[in-house]
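Below is one structure, written out as structure tokens; the observations come after it.
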Amino acid sequence: MVCEKKNRVATIFFCFFISTIFYSCENDIQKVKLFADLEKLPSEYLKDATIFYSDSAKITAKLTAKKIDHYTGKRSFTVMPKGINVIFYNSAEQPETKMKADYAIKYDDMDVIEAKRNVVVVNEKGETLNTEHLIWDQKKDRIFTDVFVKITTKKEILMGDGLESNQSFSKYKILKLRGTIQMNE
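Remember, the working numbering sits 34 above the position in the sequence shown when you count from 1.
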């Protein structure tokens with residue numbers, strides 16, 4: 035009698051377990067998609083972040099961002115979807131150049147930051163670079179682009195396609211100059 039009750043309970047439990055599995059099968063695709071989407075989520079998240087870059091214990095740059103999402107996987111990268119502000123420092127650790135953009139992405143394996151949308155760089159002389167896309171190569175201490183650029187100095191406005199410059203934007207070259215507008219004083 036006791037064995038019969040145990041078998042009956044086991045049978046009921048087994049039937050309940052099997053029916054639960056079959057009932058949940060119709061939602062398995064949604065659950066799998068949910069777990070697959072979790073891989074698309076950042077592994078780290080920072081809010082109102084400040085990152086300092088240094089060389090030989092001297093600060094070379096300070097990056098601030100309202101939001102930073104770090105993704106890991108086959109290729110690690112960091113996204114700053116709400117933009118960045120960067121201050122570049124000279125060898126005496128004095129602010130030298132400022133850069134801002136509405137969006138940026140950093141590729142960890144290359145030490146490159148790609149700035150996009152409303153990119154503005156202002157150097158020590160007050161010269162201003164405007165573009166929609168700029169790459170900052172941290173290893174080579176240089177910035178460059180292959181899209182339209184506008185540089186405003188005290189005397190003229192230079193426009194063209196592509197630019198190569200040192201990180202401080204004090205020595206630059208427009209690759210394909212489109213035109214120059216002289217400023218009246």
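Don't be surprised by glycine CBs; every beta carbon is placed ideally from N, CA and C.
Residues in its own chain within less than 6 Å of K134 by CB, not counting five upstream and five downstream?
N119, V154
In terms of DSSP beta bridges, what is L197 paired with?
T179, I208
Whole-angstrom Cβ separation of A91 and Y123, contact assumed at under 8 Å?
Not a contact, Cβ separation roughly 13 Å.
Of the residues G196, E127, R109, which one's Cα is nearest the Cα of L209?
G196
Taking the C-alpha atoms as reference points, what is the distance between N218 and K189?
8 Å
In this structure, how does DSSP classify D136 when only helix, strand and coil are distinguished?
coil
Mapping the DSSP letters down to three states, classify A99 as helix, strand or coil.
strand
Less than 8 Å between C-beta atoms, sequence neighbours within five positions excluded: which residues of the same chain meet that for D145?
D171, Q172, K173
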